[in-house]
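Remarks on the structure that follows.
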Amino acid sequence: MNLRPKLLLAFILLIVVPVASSGVVSFLYYEHLLEKKYNEQTEMTMHAVGSNIRNFFDEMNRLTDASLTSSVVQETLKLNADPNGGASSLIAKGQAEKEMGELLFQNPAMSYIILYANNGALFRSTRNDPTTFKPVTYERLKFHPSYAKAERLNAKPLWIGPYEQEELTGKEYSLFTQMRVVKDRDSLDNLGIMVTQFKSSGVDDILTNFRGSLSDGSRYYIVNQRGLVLLDSETKLAGQVLDGKSYLPRARISPTRASGPSSRESTA
Numbered sequence: 713m714n715l716r717p718k719l720l721l722a723f724i725l726l727i728v729v730p731v732a733s734s735g736v737v738s739f740l741y742y743e744h745l746l747e748k749k750y751n752e753q754t755e756m757t758m759h760a761v762g763s764n765i766r767n768f769f770d771e772m773n774r775l776t777d778a779s780l781t782s783s784v785v786q787e788t789l790k791l792n793a794d795p796n797g798g799a800s801s802l803i804a805k806g807q808a809e810k811e812m813g814e815l816l817f818q819n820p821a822m823s824y825i826i827l828y829a830n831n832g833a834l835f836r837s838t839r840n841d842p843t844t845f846k847p848v849t850y851e852r853l854k855f856h857p858s859y860a861k862a863e864r865l866n867a868k869p870l871w872i873g874p875y876e877q878e879e880l881t882g883k884e885y886s887l888f889t890q891m892r893v894v895k896d897r898d899s900l901d902n903l904g905i906m907v908t909q910f911k912s913s914g915v916d917d918i919l920t921n922f923r924g925s926l927s928d929g930s931r932y933y934i935v936n937q938r939g940l941v942l943l944d945s946e947t948k949l950a951g952q953v954l955d956g957k958s959y960l961p962r963a964r965i966s967p968t969r970a971s972g973p974s975s976r977e978s979t980a
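Mapping of the sequence shown onto the working numbering: residues 713 to 980, in sequence order.
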């Protein structure tokens with residue numbers, strides 16, 4: 713009787729099959745373990761990045777907290793300068809805007825500040841940085857949805873992300889815009905509105921450090937709750953709406969559809 717087939721069958725059943733099965737089981741187990749560890753590490757990293765981004769905006773909030781109650785902002789909005797521009801009003805306005813310049817040097821991220829007094833007077837100061845906010849008249853601003861939201865927040869900050877309100881904040885650069893009601897620090901009466909624009913470089917630096925120095929094709933986005941891309945590391949999709957299924961651009965958001973978020977609504 714030929715034992716060779718039986719020995720071969722026994723070898724396969726008793727050695728090859730157990731070893732192969734053990735290898736497959738071990739591979740699946742360690743694959744699952746590595747995937748779990750990678751997901752946990754990624755989640756921890758994302759929490760850290762999110763915390764750093766929140767800290768950035770919290771710092772900007774503290775800066776504008778100080779600006780709201782500063783003598784520069786308070787006295788400027790109490791000038792009652794003629795918005796139509798008499799000679800004395802122009803001199804007072806020029807001096808006030810010169811003093812406002814010191815507010816911009818509190819942090820390099822601040823690029824533009826504009827004050828709207830209740831009588832319609834407008835004061836602004838900027839450094840040699842890109843800005844996109846369109847200084848519309850106070851009467852026009854009051855009819856914008858963001859103005860009503862800022863009033864409801866009662867001096868708390870209203871953040872407008874890049875491209876969320878293109879008819880107001882433009883689309884040429886990725887800048888974050890903050891709008892706040894200014895109250896008299898003694899009587900708490902409304903004095904006007906303060907609008908501040910911030911460069912996105914602080915957020916870009918955080919996300920660039922997250923990506924690391926290796927060119928592995930990784931890419932980051934900051935997307936709001938409506939799917940609008942606020943920041944794109946490759947800048948190709950900035951200002952476009954992502955499809956939730958394919959993560960491909962669906963359409964560029966139009967100014968008429970850009971209903972800005974509530975305070976701190978824009979999220980990574």
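Built from N, CA and C at the ideal position, the CB exists for glycine as well.
query                                                                                                                                                                 : result
Let me make sure I understand the geometry here. Which of K883, I825, E851, T849 has the alpha-carbon closest to that of N840?                                        : I825
Between which two residues does the alpha helix (DSSP H) containing Y875 stretch?                                                                                     : Premise fails: Y875 is in no alpha helix (DSSP H) and is neither H nor E.
Please give the ranges of any alpha helix (DSSP H) in the stretch 827-912, keeping only runs that are unbroken, at least 4 residues long and fully inside the region. : 850-853, 857-865, 878-881
Compute the beta-carbon to beta-carbon distance between M772 and F910, rounded to the nearest angstrom, for a pair I have assumed lies under 8 Å.                     : 6 Å
Going along the chain, which residues of its own chain have a beta-carbon closer than 8 Å to the beta-carbon of S823, five neighbours each way excluded?              : L816, T838, R839, D841, P842, T843, L887, Q909, F910, K911
Between the alpha carbons of T920 and E878, how many angstroms are there, rounded?                                                                                    : 26 Å
Which one of D955, L740, K846, L791 has the shortest CA to CA distance from D896?                                                                                     : L791
Taking the Cβ atom as the reference point for each residue, do F845 and V907 lie within a distance shorter than 8 Å?                                                  : yes
Is Y875 buried or exposed, if buried means 16 or more other CB atoms sit within 10 Å of its CB?                                                                       : buried
Tell whether a beta-carbon distance below 8 Å holds between S932 and S913.                                                                                            : Ser is not the amino acid found at residue 932; the sequence shown has Tyr there. It is not a contact, given that the beta carbons lie outside the stated cut-off.
Alpha carbon to alpha carbon, how far is S779 from A804?                                                                                                              : 20 Å
With respect to the alpha helix (DSSP H) encompassing D777, which residues constitute its N-terminal and C-terminal limits?                                           : 729-781
Less than 8 Å between the C-beta atoms of L943 and N830, yes or no?                                                                                                   : no
Is L745 near V785, with beta carbons less than 8 Å apart?                                                                                                             : no
Is DSSP giving Q786 helix, strand or coil here?                                                                                                                       : helix
Starting from the Cα of L775, find the closest Cα among T881, A821, K948 and give me that residue.                                                                    : A821
Using the DSSP secondary-structure output, state which residues sit across from I724 in a beta bridge.                                                                : In the DSSP output, where bridge partners are listed per residue, I724 has none listed.
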